[in-house]
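**Student:**
Residue numbers (this note's numbering): 23 to 679.
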């Protein structure tokens, strides 16, 4: 039997949409499992938005045509029956597994669950400062942001539809929806151009609802002109037109999925909007009566995935986090990506299939109470179905108390956040101490100057004032301090990111008096700015320790700026980077190559020394805990020892840059 042969559709079934759902969920799945393979796979969510807006509006208009009214309560009950049972199952099972595997996954889990079940998680994540485009502290139910936007739309759309159906023509009905859609799309582009946080733009109901609104607009304009539910079948010309549109727009959408970059200005000022319009065109083409493109998308494999796409979307993200954490425990570090993908994908499709058969379909057909009765009846039999039914019931029964325990013991922040906070606290103390010392020094200098008043020829320091030699202006400058034989904290200026910040207590213990300026999410460019500023104001010390590279690729020009600011009288140590990120290998290669070409510049082997050391890093495998902080200090010490090697006057013979 051909895979393109489909069963007689249900009267309420709209051909092609299940296949398009399958493509959408596969795009999202690939993007999360292997982001380098499909950089714009997140656009699959925008297909879901357009489908949802189109389908729900179509059903509402169909109800108006048949009964002359919209039963709001019944509509919302159907939505709840469709969405909540599988969502509850995912929440219970995922929270239980996270509790057993890695407590870092439970951070703020109570808030997450509330935001998820009340469909306000998008605004909750915005309020919490979540960064969707980073994997550093991923929330277990982060993927529910899109469900929240959809459900908020479902609350408003029926009320809006009650007003729109009173209008006579399709144009006047569809125009308000179209205008609202363009306003939302404009908000996204405008806020991105103004530099607003990308996550705020991506998660916002105001900025990311245009797909739902454009889908609803399409439903209004595609509504049959007669009182029936179907328009005339397409002729040969219509088939050619719809097939061409589906193929061309589908190809253009896939091109975007392979080329659009997350959180880029281009994606927010045109990428999402163009992808949404392409999805509108595709849906129009495949849903025309008898359209070949729709029948192709209704092939058995795609339809199977599409029917289960809601469960696949719900399960894949928490399972990815749980599987990754579990394998990290097994391997003692990062597991092979291929293994993570295989296990996550298998578990996702398996659990989505079980949920569809034993939860979604029974509840949708019979309601929650009847579904449980059916489940108990199946469990009483001695068949394969009874075994599965018993397993599902057992999982639900066990997961409820386990979820309650998980919520009760959930940490308020991850282990990585804890070690960073530890460093931030010490940095605040050091800055306060430095400010107090500076104030005391200024006061002492002022008192000395006051005492020296009236003494002819005296200066505030009692030393001879510097005189300029017109033949050699350099002689008017104070002589640089010699490079120390043993590097102490008083000789070191350290500039770094959150990895250095987490290591600050151990760096300070190893090198008392070290001057550290470290912050979260800092890159090499900002570091170069800070070092240039310190060189200009005379506070840059004789050894410059640079720990930057974790947060992105390093720019060669920024490293040149750092060495130029250091000048010929200081030494520079670049700490290499350690993280499971795409750019890390290139960063370390760039750092080592740069240091190899420049005398007076070396690298500290943080990656080599921390790799394979158990329990040296926090849960994200990036930030050092106290044991890791000691290794970070060891790496810096090794770099100093390599630079000031014995037998060569401890650095005096090292050539200058």
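Note that beta-carbon positions come from the ideal geometry of N, C-alpha and C, so glycine has one too. Remember, predicted model here, so these are calculated numbers, not experimental data.
Note down, in chain order, each residue of its chain lying with its Cβ closer than 6 angstroms to the Cβ of residue 324, except the 5 sequence neighbours on either side.
**Tutor:** Within the chain shown, numbered from 1, the residue matching residue 324 stands at position 302. Hits under 6 angstroms: 41, 44.
**Student:** Could you give the first and the last residue of the continuous beta strand (DSSP E) run that contains residue 267?
**Tutor:** Here residue 267 refers to the residue found at position 245 when the chain shown is read from its first residue. No beta strand (DSSP E) contains residue 267, which is instead part of the alpha helix (DSSP H) from 258–281.
**Student:** Would residue 173 be called buried (16 or more neighbouring beta carbons within 10 Å of its own) or exposed?
**Tutor:** Here residue 173 corresponds to residue number 151 of the chain shown, with the count starting at 1. Buried: at least 16 other Cβ atoms inside 10 Å.
**Student:** If residue 131 and residue 429 are in contact, beta carbons under 8 angstroms, what's the gap, nearest whole angstrom?
**Tutor:** Numbered from its first residue, the chain shown carries residue 131 at position 109. Numbered from its first residue, the chain shown carries residue 429 at position 407. About 6 angstroms separates the two Cβ atoms, so the contact holds.
**Student:** Assess contact between the stretch 262–273 and the stretch 304–316, defined as three or more Cβ pairs (one per stretch) separated by less than 8 angstroms. Is contact present?
**Tutor:** As far as the Cβ criterion goes, the stretch 262–273 touches the stretch 304–316, which means the pair count is three or higher.
**Student:** What separation, rounded to the nearest whole angstrom, lies between the Cα atoms of residue 685 and residue 244?
**Tutor:** Missing from the structure shown is residue 685; the chain here goes from 23 to 679 and no further.
**Student:** How should residue 116 be labelled, buried or exposed, when 16 other C-beta atoms within 10 angstroms of its C-beta is the threshold for buried?
**Tutor:** Looking up residue 116 in the chain shown gives position 94. It is buried - the Cβ of residue 116 has at least 16 other Cβ atoms within 10 Å.
**Student:** So the beta strand (DSSP E) residue 596 belongs to, where does it begin and stop?
**Tutor:** On the chain shown, position 574 is the one that residue 596 refers to. Per DSSP, residue 596 belongs to the beta strand (DSSP E) from 593–597.
**Student:** Looking only at its own chain, which residues have a Cβ that is under 8 angstroms from the Cβ of residue 211, when we skip the five neighbours before and after it?
**Tutor:** One-based indexing of the chain shown puts residue 211 at position 189. These residues qualify, in order along the chain: 290, 291, 292, 295.
**Student:** What are the partner residues of residue 537, as DSSP defines its beta bridges?
**Tutor:** The count along the chain shown starts at 1 and reaches residue 537 at position 515. BP columns for residue 537 point to 515.
**Student:** Could you have a look at residue 162 and say whether DSSP puts it in helix, strand or coil?
**Tutor:** To locate residue 162, count along the chain shown from 1; it is residue 140. Of the three classes helix, strand and coil, the one that applies to residue 162 here is coil, per DSSP.
**Student:** Can you give the Cα-Cα distance for residue 331 and residue 597, rounded to whole angstroms?
**Tutor:** In the chain shown, counting from the first residue as 1, residue 331 sits at position 309. In the chain shown, counting from the first residue as 1, residue 597 sits at position 575. When rounded, the distance between both Cα atoms is 45 angstroms.
**Student:** Helix, strand or coil: which one does DSSP assign to residue 639?
**Tutor:** Looking up residue 639 in the chain shown gives position 617. Three-state DSSP puts residue 639 in a strand.
**Student:** Tell me the DSSP secondary structure of residue 221 in three-state form.
**Tutor:** As a working mapping, residue 221 is identified with position 199 in the chain shown. If DSSP states are grouped into helix, strand and coil, residue 221 belongs with the helices.
**Student:** Does DSSP classify residue 340 as helix, strand or coil?
**Tutor:** Position 318 of the chain shown, counted from the start, is the residue given in the question as residue 340. Residue 340: helix per DSSP, three-state reduction.
**Student:** Is the Cβ-Cβ distance between residue 148 and residue 225 less than 7 angstroms?
**Tutor:** Taking the chain shown and counting its residues from 1, one reaches residue 148 at position 126. Taking the chain shown and counting its residues from 1, one reaches residue 225 at position 203. The answer is yes: Cβ separation under 7 angstroms.
**Student:** Flag this pair as touching only if the stretch 126–140 and the stretch 365–377 have three or more C-beta atom pairs under 8 angstroms; answer yes or no.
**Tutor:** The answer is no - the stretch 365–377 does not touch the stretch 126–140, with fewer than three Cβ pairs under 8 angstroms.
**Student:** I think residue 199 touches residue 177, with their Cβ atoms under 8 angstroms apart; what is that distance to the nearest whole Å?
**Tutor:** Translated into positions along the chain shown, residue 199 becomes position 177. Translated into positions along the chain shown, residue 177 becomes position 155. With 8 angstroms as the limit, residue 199 and residue 177 do not qualify as a contact, their Cβ atoms being about 16 angstroms apart.
**Student:** Excluding the 5 residues flanking residue 231 on each side, which residues of the same chain have their C-beta closer than 7 angstroms to its C-beta?
**Tutor:** Locating residue 231 in the chain shown gives position 209, counting from the first residue. Around residue 231: 171, 175, 206.
**Student:** Which residues in the same chain as residue 371 place their Cβ atom closer than 7 angstroms to its Cβ, once the five residues preceding and following it in sequence are excluded?
**Tutor:** Translated into the one-based positions of the chain shown, residue 371 becomes position 349. Result list for residue 371: 334, in chain order.
**Student:** Using the three-state DSSP reduction, which class does residue 604 fall into: helix, strand or coil?
**Tutor:** For this step, residue 604 is matched to residue 582 along the chain shown. Here residue 604 sits in coil by DSSP.
**Student:** In the structure shown, what three-state DSSP assignment does residue 682 receive?
**Tutor:** Outside the displayed range of the chain (23 to 679) lies residue 682, so it cannot be described from this structure.
**Student:** Cα separation between residue 525 and residue 546?
**Tutor:** Locating residue 525 in the chain shown gives position 503, counting from the first residue. Locating residue 546 in the chain shown gives position 524, counting from the first residue. Spanning the two alpha carbons is a distance of roughly 18 angstroms.
**Student:** If you pair each beta-carbon of the stretch 565–575 with each one of the stretch 593–607, do three or more pairs fall below 8 angstroms?
**Tutor:** Verdict: yes, contact present.
**Student:** So, at 8 angstroms on beta carbons, what are the nonlocal neighbours of residue 449 in its own chain, with the 5 sequence-adjacent residues on each side left out?
**Tutor:** The count along the chain shown starts at 1 and reaches residue 449 at position 427. The residues are 523, 526, 538, 540.
**Student:** Three Cβ pairs or more, each shorter than 8 angstroms: is that satisfied between the stretch 68–78 and the stretch 44–60?
**Tutor:** In short, these stretches touch, since the Cβ pair count reaches three.
**Student:** Taking residue 155 as the reference, give the member of 223, 146, 193, 121 with the closest Cα.
**Tutor:** The count along the chain shown starts at 1 and reaches residue 155 at position 133. When only C-alpha atoms are compared, the closest one is 223.
**Student:** Please report the Cβ distance between residue 414 and residue 376, rounded to the nearest whole angstrom; I am assuming they are in contact, meaning their Cβ atoms lie under 8 angstroms.
**Tutor:** Locating residue 414 in the chain shown gives position 392, where the first residue counts as 1. Locating residue 376 in the chain shown gives position 354, where the first residue counts as 1. Contact holds; Cβ gap of about 7 angstroms.
**Student:** Look up residue 194 in the DSSP assignment and say whether it is helix, strand or coil.
**Tutor:** Position 172 of the chain shown, counting from 1, holds the residue named residue 194. Looking at residue 194 - three-state DSSP - the assignment turns out to be helix.
**Student:** Alpha carbon to alpha carbon, how far is residue 565 from residue 659? Give it in angstroms, no decimals.
**Tutor:** Locating residue 659 in the chain shown gives position 637, counting from the first residue. Locating residue 565 in the chain shown gives position 543, counting from the first residue. Going from the Cα of residue 659 to the Cα of residue 565 covers about 12 angstroms.
**Student:** Here's the rule: buried if 16 or more other CB atoms are within 10 angstroms of the residue's CB, otherwise exposed. What is residue 37?
**Tutor:** Position 15 of the chain shown holds residue 37. When all chains shown are included, residue 37 counts as buried.
**Student:** So residue 328 and residue 256 are supposed to be a Cβ contact under 8 angstroms. How far apart are they, rounded?
**Tutor:** Residue 328 sits at position 306 when you count from the first residue of the chain shown. Residue 256 sits at position 234 when you count from the first residue of the chain shown. That pair is no contact at about 22 angstroms.
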